[in-house]
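This report concerns only the one structure given below.
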Amino acid sequence: MTDSISQIEQSHDRVVPYSSLKTEYGVPYTRVHLLRLEKAGKFPKRFRVGGRKVAWFARELRAWLEERSASRTENGA
């Protein structure tokens, strides 16, 4: 039981590259649009993992998705 809990916690700290945003999280935005959203404070901030490669923390992406889902239910959609 403890092993499965630690695996879940580790998956929330996982690093998600741009290439996985659409396939794993359903985020269809281009790199340019994501940068605009980040600057406006409407999407989690990226960080550099080396060279030009950027990524996001899975826990922040999950929180962003949950927030969007909650606002959808509040608006009656």
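Heads up: the sequence shown begins at 2 in our numbering, then just goes up one per residue. Just so it is clear, CB atoms sit at the ideal spot from N, CA and C, and this is done for glycine as well.
| task | Kindly confirm or deny that the segment 15-25 and the segment 56-66 touch, where touching means at least three C-beta pairs closer than 8 Å. | result | yes
| field | Option nearest GLU68 by Cα separation, candidates GLY51, LYS43 and PHE48 | value | By one-based count along the sequence shown, residue 68 stands at place 67. Comparing Cα positions, the closest option is LYS43.
| query | Can you list, in chain order, the residues of its chain whose CB lies under 7 Å from that of PHE48, leaving out five sequence neighbours each side? | reply | One-based indexing of the sequence shown puts residue 48 at position 47. Around PHE48: VAL55 and ALA56.
| field | Status (buried if at least 16 other CB within 10 Å, exposed otherwise) for VAL50 | value | Stepping through the sequence shown from its first residue, residue 50 is reached at position 49. Exposed: under 16 other Cβ atoms inside 10 Å.
| task | Let me know the secondary structure DSSP gives ARG37 once reduced to three states. | result | Here residue 37 corresponds to residue number 36 of the sequence shown, with the count starting at 1. The answer is helix: DSSP assigns ARG37 an H, G or I state.
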